[in-house]
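Protein chains in written order, with our numbering: chain A, -12 to 358; chain B, -12 to 358.
The structure appears right after this line, and notes come after that.
2 protein chains.
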Amino acid sequence: MAGLTMADLSTPALLLDLEIVQRNARLMLDRCQKLGVQLRPHMKTHKTLECADIMTGGSRRCIVVSTLAEASFYADRGYDDILYAYPLPFDKVERCAQLSERLSLFHVLLDNSLALQQLKKRPLSHGKIWHVWMKLDCDNGRAGVPHSEPAALKLAQEISETAGVELTGIYAHCGNTYGCKGEEQIKAVAQQTTAITLQFMEKLKAIGIQGPKSSIGSTPSCSHPVPEMAMLSEVHPGNYVFYDVQQSLIGSCKLEDVAVRVLTRVIGHYPHRNQLLVDCGWTALSLDGGGRLPTGYAIIEGHPELKLTSMTQEHGRVEPISGELDFSQFPLGSVLTFIPHHACATAAMHPVYYVHSKGKIVDTWKPTRGW
Amino acid sequence: MAGLTMADLSTPALLLDLEIVQRNARLMLDRCQKLGVQLRPHMKTHKTLECADIMTGGSRRCIVVSTLAEASFYADRGYDDILYAYPLPFDKVERCAQLSERLSLFHVLLDNSLALQQLKKRPLSHGKIWHVWMKLDCDNGRAGVPHSEPAALKLAQEISETAGVELTGIYAHCGNTYGCKGEEQIKAVAQQTTAITLQFMEKLKAIGIQGPKSSIGSTPSCSHPVPEMAMLSEVHPGNYVFYDVQQSLIGSCKLEDVAVRVLTRVIGHYPHRNQLLVDCGWTALSLDGGGRLPTGYAIIEGHPELKLTSMTQEHGRVEPISGELDFSQFPLGSVLTFIPHHACATAAMHPVYYVHSKGKIVDTWKPTRGW
């Protein structure tokens, strides 16, 4: 990559601004340190070694993953204290057992008693125990035992009483922050999720369960933490290292905090349709957001007058939001820069990320894929 | 993979029915042979060696690709006569030149004079010439010179008169068949695209240009060819080897002709929301179709009463279309089978495809990625 600049890259290409990645990571580490809460960053957005090193401040400890492919990828590269924060899939118990036996600390997550039975059927060797987080649904409405149901406390108790298993923590995802607009709404959801989680910890104490940690997370809530979050053991955001248009609209960040771009080139002029074609289709950007931004499927950097109206597999159609396009501004072969709606979805489409510092390509990062 | 069955696969998994793949490929080869037109199958849907071998009947010749990554992948594996059917990107001229110099026959495509200038600036060595297809827009409205504009004939003439360059063919994509419902509408578009293309070939003859081939393509039109297509040199469909829900709705195929599935497992029961969670999110299915099917983002095989209502990165939410879900029918860990809306988009999410014959896993195919 020596000597390459952004302009030399073959398109489409996923481009990361190293300084912004580092700044986003540093700010989150500082924010958590100031708050006195352990940051356990989520790897699902990027799935690379290099970005994990930045997010963990080089410790290579204390991360969350969304797939076992990620867990193995990081375990193979010296990482430990890995939380597989996904409702235990019954077909993957053996792989989880092997990771538990191999690492100092591998955590699984569950939200039902049948999953616990699966763990009991596979006792760990080498004197190891299963480290289990119970997922609590604090009104997010995806995985987790609803916090208001007696089943929640009952399951926590069952986990803590099971031989060979430790109730390591209570885990909540405040994905409902994604419906927020602005800091005030984000903080309200963060506060509520924290309050519900801490109340649950109190209920556990009341029945004699003192040990478990507590963790909540989402990029919006951890970008604007409320003081009460100091009473949690951990937080687990992930997207913040890249941010994206969606996060800027929620209010997690400003648009200048977004570290990720997709570079594309103009491949066609079609004046009879008042339209450019570019070499970025959904294989390079994803269909996330459904084109519902005022500027379509992405923001086109430096060109608020343009809209990415539609994409096919390898083509993108760019049109002016109103009026006639001045084609002379966009010669064939010239580069346009898309700021993606959702960094996780866009990153998932790329086998390699190009990393730049002030326009100079300084590294390439290769994500893991699959499950 | 010896001895594995579908039930043994870790989920989510992309599953292909080998017999259906072979039947779809065979039917298209037969259809083209009967019509007397050369089939040049498109690789963009699967991007694997094994499926290309099936589609070319083992010849390893005469294919279309959508990216240079595909072109190199196939060239490295003994393929030749490769058409890179994408408006020549100016940043990829050197790579195209190297493929042209290395293969017996590598074709590029263009729709403007500036692209032709790029080729002139890079004469080929070893006595080779550039093989150029001109893209003609036959009312599809993506790339191509509009057939009704005098610029079309002018560009064709310019290509044919350029030293070191051969006007090898005229290429049209009838992507407007994707707006059709049923065989009659498909045939009308196929007929119109064919007629426009053949008229253009006549205009070329009238100015003394006799050599170029003609090619149109799209899975709908080539699944229901009209007799006039016999007068073309080639056709270039691709999706037909897998087909998908979208193609069945257009009328290209029946649902039983769809070769591709995504296997997923139930990971959670949420009776208070009348909802199952499954381990297939948009990383395994893509967001193609926008959830607008009556059954949401996919058809759930054998369960017309269910709907895949939404997905996040690794979770899918399944609900009954109406009434109360009988959770006992869908135990935790049990498998559901999704028929994808768009096979190209779903296949693009998987690093490996599992190939079965009557439920027994017989092979794994690994696609190429990137650009």
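Beta carbons are placed, not taken as given, at the ideal position from N, Cα and C, and that holds for glycine.
Contact with chain C by residue i, beta-carbon distance below 8 Å
{"i": "residue 215(A)", "result": "Any reference to chain C falls outside this structure, whose protein chains are A and B."}
Within chain A, the residues that residue i reaches when beta carbons sit closer than 8 Å
{"i": "residue 83(B)", "result": "Residues of chain A passing the Cβ test: none, with the nearest at roughly 12 Å."}
{"i": "residue 259(B)", "result": "133 and 136"}
{"i": "residue 141(B)", "result": "The premise fails here: residue 141(B) is roughly 15 Å from chain A at the closest Cβ pair, so nothing lies under 8 Å."}
{"i": "residue 207(B)", "result": "In chain order: nothing, as chain A lies at least about 15 Å away."}
One or two residues paired with residue i in a DSSP bridge
{"i": "residue 251(B)", "result": "323(B)"}
{"i": "residue 153(A)", "result": "118(A)"}
{"i": "residue -8(A)", "result": "347(A)"}
{"i": "residue 304(A)", "result": "264(A) and 297(A)"}
{"i": "residue 25(B)", "result": "221(B)"}
{"i": "residue 48(B)", "result": "67(B)"}
{"i": "residue 203(B)", "result": "159(B) and 222(B)"}
{"i": "residue 124(B)", "result": "133(B)"}
{"i": "residue 33(B)", "result": "Paired residues: none, contrary to the question."}
{"i": "residue 283(B)", "result": "280(B) and 295(B)"}
{"i": "residue 93(A)", "result": "69(A)"}
{"i": "residue 3(A)", "result": "247(A) and 342(A)"}
{"i": "residue 352(A)", "result": "340(A)"}
{"i": "residue 74(A)", "result": "96(A)"}
{"i": "residue 257(A)", "result": "262(A)"}
Cut-off 8 Å between Cβ atoms - residues of its own chain near residue i, not counting five sequence neighbours on either side
{"i": "residue 282(A)", "result": "291, 293, 294, 295 and 308"}
{"i": "residue 118(B)", "result": "87, 92, 93, 94, 95, 153 and 155"}
{"i": "residue 299(B)", "result": "268 and 269"}
{"i": "residue 236(B)", "result": "168"}
{"i": "residue 90(B)", "result": "62, 67, 68 and 69"}
Residue i: contacting residues in chain B (beta-carbon distance under 7 Å)
{"i": "residue 54(A)", "result": "301"}
{"i": "residue 62(A)", "result": "Within chain B, no residue comes near residue 62(A); the closest Cβ sits about 17 Å away, beyond 7 Å."}
Neighbouring residues, chain B, relative to residue i (Cβ below 9 Å)
{"i": "residue 73(A)", "result": "254, 266, 301 and 302"}
Residue i: contacting residues in chain A (beta-carbon distance under 9 Å)
{"i": "residue 325(B)", "result": "Under the 9 Å cutoff, chain A gives no residues; its nearest Cβ is about 15 Å from residue 325(B)."}
{"i": "residue 378(B)", "result": "The requested residue 378(B) does not occur in the structure, where chain B is confined to residues -12 to 358."}
{"i": "residue 242(B)", "result": "The contacting residues do not exist; residue 242(B) stays about 23 Å from chain A at best."}
{"i": "residue 275(B)", "result": "269 and 274"}
Nonlocal neighbours in the same chain, by C-beta distance under 6 Å from residue i, ignoring five residues either side
{"i": "residue 350(B)", "result": "342"}
{"i": "residue 262(B)", "result": "304 and 306"}
{"i": "residue 244(A)", "result": "230"}
{"i": "residue 34(A)", "result": "57, 354 and 355"}
{"i": "residue 77(B)", "result": "105"}
{"i": "residue 68(A)", "result": "48, 49 and 92"}
{"i": "residue 140(A)", "result": "190"}
{"i": "residue 147(A)", "result": "154 and 196"}
Residues of its chain near residue i, where Cβ-Cβ distance is below 7 Å and the 5 sequence neighbours each way are ignored
{"i": "residue 226(A)", "result": "32, 206, 234, 330 and 331"}
{"i": "residue 7(A)", "result": "244 and 246"}
{"i": "residue 209(A)", "result": "15, 222, 224 and 227"}
{"i": "residue 328(A)", "result": "231, 232, 233, 275, 276, 280, 284 and 285"}
{"i": "residue 73(B)", "result": "53 and 96"}
{"i": "residue 5(A)", "result": "342, 343, 344 and 349"}
{"i": "residue 9(A)", "result": "41"}
{"i": "residue 138(B)", "result": "132"}
{"i": "residue 113(A)", "result": "88"}
Cross-chain neighbours of residue i in chain A, by beta carbon under 7 Å
{"i": "residue 279(B)", "result": "Chain A residues near residue 279(B): none, gap ~10 Å exceeds 7 Å."}
{"i": "residue 360(B)", "result": "Residue 360(B) falls outside the range modelled here, since chain B spans only -12 to 358, and no answer is possible."}
{"i": "residue 352(B)", "result": "Correct list: empty, because the minimum Cβ distance to chain A is about 14 Å."}
{"i": "residue 224(B)", "result": "Those within 7 Å of residue 224(B) in chain A number zero; the least Cβ separation is about 14 Å."}
{"i": "residue 270(B)", "result": "335"}
{"i": "residue 79(B)", "result": "-3"}
Closer than 7 Å: residue i CB and nearest the ligand NAP heavy atom
{"i": "residue 267(A)", "result": "The ligand NAP is not part of the structure shown, which contains no ligands of any sort."}
Beta-carbon neighbours of residue i, restricted to chain B and to distances below 8 Å
{"i": "residue 357(A)", "result": "337, 338 and 339"}
{"i": "residue 229(A)", "result": "In chain order: nothing, as chain B lies at least about 14 Å away."}
message: Taking beta-carbon pairs under 9 Å, can you tell me which members of the region 286 to 301 of chain A lie near chain B?
response: 299, 300 and 301
query: In the region 85 to 112 of chain A, which residues sit with their C-beta less than 9 Å from some C-beta in chain B, listed in chain order?
result: 98, 99, 101, 102 and 105
query: At a Cβ cut of 9 Å, what residues of the region -6 to 22 of chain B count as close to chain A, listed as they run along the chain?
result: -5, -4, -3, -2, -1 and 0
- prompt: Any residues in the region 331 to 347 of chain A with a beta carbon nearer than 9 Å to a beta carbon of chain B? Which ones, in chain order?
  reply: 331, 332, 335, 336, 337, 338 and 339
task: Name, going along the chain, the residues of the region 122 to 133 of chain A whose beta-carbon falls closer than 7 Å to a beta-carbon of chain B.
output: 128, 129, 130 and 133
task: Give, in chain order, every residue of the region 173 to 192 of chain B whose Cβ lies closer than 9 Å to some Cβ of chain A.
output: none
message: If the cut-off is 7 Å on Cβ atoms, which residues from the region 308 to 321 of chain A count as contacting chain B, listed in chain order?
response: 319 and 320
query: Of all the residues that make up the region 23 to 39 of chain A, which are near chain B by a beta-carbon distance shorter than 7 Å?
result: Within the region 23 to 39 of chain A, the residues whose Cβ lies closer than 7 Å to some Cβ of chain B are 31, listed in chain order.
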